[in-house]
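Presented below is the structure to which this report refers.
Numbering (the working numbering), first residue to last: 330 to 498.
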């Protein structure tokens, strides 16, 4: 199934058949997912493809390769990378389809520790009573309604919530 990432960061998966446009469930943007034909590559198409920090995919002509490209979304000037070929699988920043066993084990250990800490903090929060202030503090410029206790605008003479007249100081 063809995959793409929306500008908001949401991973989108398109069905094998049907439209090449997918609507992002997070931000509602329409994203075109390019389908590759079997046996075709992007290397010989004459473009250098790279990403802007805002998430927009940019491409420039490989023939007259400029030093910088300007993003149409955010207006940043982004340096054009030297090569557009995919990184080797051994490179730490190369995209992968699946995690290796060592990475999965590390991720499982982190997740179990993280979940244990989250459960412990939730239990501690439930057992602790929230301390109530013994004395209310008078803050500068804050007026409180004597009827309902909600804040009242400095220029108001009555509370909007309950209609109680509020004396001015």
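Here a beta-carbon is modelled for each residue, glycine too, at the ideal position from N, C-alpha and C.
Whole-angstrom distance between residue j and residue i, CA atom to CA atom
i           : j           : result
residue 349 : residue 392 : 29 Å
residue 493 : residue 451 : 40 Å
residue 397 : residue 333 : 24 Å
residue 353 : residue 342 : 10 Å
residue 394 : residue 362 : 25 Å
residue 481 : residue 473 : 6 Å
residue 374 : residue 411 : 16 Å
residue 427 : residue 483 : 60 Å
residue 444 : residue 438 : 10 Å
Exposed unless 16 or more other CB atoms sit within 10 angstroms - verdict on residue i
i           : result
residue 491 : exposed
residue 377 : buried
residue 406 : exposed
residue 337 : exposed
residue 429 : exposed
residue 477 : exposed
residue 356 : exposed
Residue from the options with nearest C-alpha to residue i
i           : options               : result
residue 360 : 374, 376 and 331      : 331
residue 409 : 387, 479 and 428      : 387
residue 339 : 477, 377 and 385      : 385
residue 335 : 358, 344, 479 and 345 : 358
residue 475 : 495, 484 and 489      : 495
Decide yes or no for the touch test of the stretch 395-412 against the stretch 374-382: beta carbon pairs closer than 8 Å, at least 3 of them. Yes: at least three Cβ pairs fall under 8 Å.
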